[in-house]
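Notes follow the structure.
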Amino acid sequence: MSPREFLSEQGDEEMLASTAMNQLPTAEADPNEETSLLVMMPSSSNGRLLKQKQDTWASMTQREVVEQSKTFLPTLQSMVLSKIPWFITLRILGEMDDGSAFGSEEESDSNHSGGTELAAAALATTLCNVTGMSLCVGFSFALSTLAGQAKGEMVSRSSSNVKGLVKKSSSSLGRSGCCSDDDSESTPNTPVVFLLRGLLIQLILVLPVGIWWLFGIEDFLIKLGQTPDLANHAAAYLKILAPSLWVYAIQWTVTAWTQSIGMADVPASAALLGLVLHIPFNVLFCYVLGLGYLGCAYATIMFQIVQCTYIVSYLFVNTKGRQRVLELTG
Numbered sequence: 001m002s003p004r005e006f007l008s009e010q011g012d013e014e015m016l017a018s019t020a021m022n023q024l025p026t027a028e029a030d031p032n033e034e035t036s037l038l039v040m041m042p043s044s045s046n047g048r049l050l051k052q053k054q055d056t057w058a059s060m061t062q063r064e065v066v067e068q069s070k071t072f073l074p075t076l077q078s079m080v081l082s083k084i085p086w087f088i089t090l091r092i093l094g095e096m097d098d099g100s101a102f103g104s105e106e107e108s109d110s111n112h113s114g115g116t117e118l119a120a121a122a123l124a125t126t127l128c129n130v131t132g133m134s135l136c137v138g139f140s141f142a143l144s145t146l147a148g149q150a151k152g153e154m155v156s157r158s159s160s161n162v163k164g165l166v167k168k169s170s171s172s173l174g175r176s177g178c179c180s181d182d183d184s185e186s187t188p189n190t191p192v193v194f195l196l197r198g199l200l201i202q203l204i205l206v207l208p209v210g211i212w213w214l215f216g217i218e219d220f221l222i223k224l225g226q227t228p229d230l231a232n233h234a235a236a237y238l239k240i241l242a243p244s245l246w247v248y249a250i251q252w253t254v255t256a257w258t259q260s261i262g263m264a265d266v267p268a269s270a271a272l273l274g275l276v277l278h279i280p281f282n283v284l285f286c287y288v289l290g291l292g293y294l295g296c297a298y299a300t301i302m303f304q305i306v307q308c309t310y311i312v313s314y315l316f317v318n319t320k321g322r323q324r325v326l327e328l329t330g
């Protein structure tokens, strides 16, 4: 065969192949390609995919419930246990008012005057909650939000710390001794900074309230229409509770801060410890030392000091607590 005939025959074969290819039906893109593939798959494979998807949602839901429980269960425990001592105090005051805390009715009459002391303690406790402790709780809400945001920012920045350092060093190569305009953004406020600010604001606002309890509450109660005897007894009770207000301001600020960074178990343990020691404190001050209804106020101070000391010492003195703070704040 000559070269010319060979090339002619090859060209005819190529034309026939291209014609055959053009006559084949073209496959159109299916918008539901994934659905079509699933339909084409065996039913057993499709069932396995659906089961895997359901398992994924179930595991995600379970993990979210567990994470939420780590915060709300200790917080609930702390709130409930911190209120029980007030009921214990009222119970003890009721027993003292009935004379059952003392040997006889004559001894009871010599130690207290009827129901005045019970009414005075209840009035003083109400004023303590309304004019003092409610302020501490209200001011702590802002700290919970700011500390939680700061924790999230620190955690996110710590994950990209190496990239940030490289970027900062490369950007500072062309500058000599000059500070960047974004230094405040590169060094955000840590949760500890917001804790210190919260403590400062709390004490600035709560200290005057305690001073008012010490020197001006009796005249205020008389102007509200209370009898001088009741006002005098309530003022004496509130004067003892004034340091308790300042301790409570510190305690509640640190409590809100620990809950916002994921350490809600610490104030819950402190509340349990304070509840356990509250009854012995009441027995000591009211009966052993013979302070009467004022002993309940001293017992309240002690139970607040125990809780505050436990939380602060665990967070900033205990080695394990300090390590947890460093890990949870990024």
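By our numbering, the letter at position 312 of the sequence shown is numbered 312, and the numbering carries on one by one without gaps.
Just so you know, even glycine gets a beta-carbon here, dropped at the ideal spot from N, CA and C.
* When burial is assigned at 16 or more other CB atoms within 10 Å of the CB, is residue 140 buried or exposed? -> buried
* To do: Enumerate in chain order the residues of its own chain whose CB-to-CB distance from residue 190 is below 7 Å, with the five nearest sequence positions on each side excluded.
  => Correct list, in chain order: 150, 154, 329.
* So, is residue 58 buried or exposed, given that buried needs 16 or more other C-beta atoms within 10 angstroms? -> exposed
* **DSSP three-state assignment for residue 148, whether helix, strand or coil** => helix
* Host alpha helix (DSSP H) of residue 302 (start-end) -> 294 to 316
* residue 279 to residue 317 span [Cα, whole Å] -> Taking the straight line from one Cα to the other gives about 28 Å.
* **Cα-Cα separation, residue 146 to residue 289** => 45 Å
* In whole angstroms, what is the alpha-carbon distance linking residue 91 and residue 297? -> 13 Å
* To do: Let me know the secondary structure DSSP gives residue 224 once reduced to three states.
  => coil
* Which stretch, first to last residue, makes up the alpha helix (DSSP H) that contains residue 201? -> 191 to 215
* Asked: When DSSP labels each residue in this structure, what does residue 291 get in the three-state scheme?
  -> coil
* DSSP on residue 329, reduced to helix/strand/coil? -> coil
* Could you pull out every residue in the same chain whose Cβ sits closer than 7 Å to the Cβ of residue 261, ignoring the five residues on either side in sequence? => 147, 151, 191, 328, 329
* Just mark residue 79 as buried or exposed, buried being the case when its beta carbon has 16 or more other beta carbons within 10 Å. => exposed
* Straight-line gap, residue 124 to residue 237 (C-alpha atoms, nearest Å) -> 6 Å
* Asked: Alpha carbon to alpha carbon, how far is residue 67 from residue 56?
  -> 17 Å
* Asked: Below 8 Å, can you find three or more Cβ-Cβ pairs linking the region 214 to 222 to the region 260 to 277?
  -> The region 214 to 222 is not in contact with the region 260 to 277.
* How many angstroms separate the CA atom of residue 134 from the CA atom of residue 326? -> 30 Å
* Where residue 198 falls, given that 16 or more other Cβ within 10 Å makes a residue buried -> buried
* How about residue 75 and residue 304: are their beta carbons less than 8 Å apart? -> no
* Asked: Helix or strand or just coil, what does DSSP make of residue 261?
  -> coil
* Asked: Helix, strand or coil: how does DSSP classify residue 106 here?
  -> Unreliable positioning characterises residue 106 in this predicted model, as indicated by a pLDDT of 47, which lies under 50. The coordinate reading is nonetheless provided below. Reduced to three states, the DSSP call for residue 106 is helix.
* Option nearest residue 96 by Cα separation, candidates 73, 203, 121 -> It is 121 whose Cα lies nearest to the Cα of residue 96.
* Measure the C-alpha to C-alpha separation of residue 320 and residue 314 and round it to an integer number of angstroms. => If I take the Cα positions, the gap works out to 8 Å.
* Would you kindly work out how many angstroms separate the C-alpha atoms of residue 281 and residue 116, rounded to a whole number? => 23 Å
* Asked: By the 10 Å Cβ neighbour count, where 16 or more other Cβ atoms means buried, how is residue 69 classified, buried or exposed?
  -> exposed
* Do the CB positions of residue 127 and residue 94 come within less than 8 Å of each other? -> Between residue 127 and residue 94, the CB-CB gap reaches or exceeds 8 Å.
* Decide if residue 73 is buried, meaning its Cβ has at least 16 other Cβ atoms within 10 Å, or exposed. => exposed
* **Distance between residue 196 and residue 271 (C-alpha atoms, nearest Å)** => 22 Å
* How long is the line joining the alpha carbons of residue 267 and residue 308, rounded to whole angstroms? -> 9 Å
* Could you tell me the boundaries of the alpha helix (DSSP H) in which residue 128 lies? => 116 to 128
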